[in-house]
Amino acid sequence: MSVAVNFPQVNKARLKWACRRGMLELDVLFIPFVDEAYDDLTAEQQRVFERLLTEQDPDLFAWFMGHNICEDQELNSMVQFILNRVKV
């Protein structure tokens with residue numbers, strides 16, 4: 004008996020796990036974004052979002068709270084995109 008694997012669902016579950024940062028402020032941004040907007044992103048935007056998730060929590064917190072601006076233009080654009088899409 005073989006088990007069918009739905010790769011988009013596996014990828015989404017992996018992303019949701021990566022979104023669990025341990026900082027509530029980041030969790031309330033990332034998890035709804037993955038649930039509501041990730042599937043509508045282009046492949047390039049998805050790549051940038053996944054790269055964003057590799058950043059350190061203190062940096063992410065500073066960028067999303069407006070304390071610092073990310074010097075990486077791609078990541079900074081994704082931060083702004085997420086802030087515009089997720090209303091907290």
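Once you know that position 47 of the sequence shown is 50 in our numbering, the rest is easy, because the numbers rise by one and skip nothing. Idealized CB from N, CA, C, for every residue including glycine.
Ranked by Cα distance from K15, the options D42, R24 and V31 are led by D42. Per DSSP, the continuous alpha helix (DSSP H) segment holding R54 begins and ends at A46 to L55. Around the beta carbon of V82, a 10 Å sphere encloses 16 or more other beta carbons of the protein chains shown; the residue is thus reported as buried.
At the C-beta level, L18 and V37 come within 8 Å of one another. Collapsing the DSSP output to three states places A21 in a helix. For Q49, the closest alpha carbon among the candidates H70, W20, R23 and E77 is that of E77.
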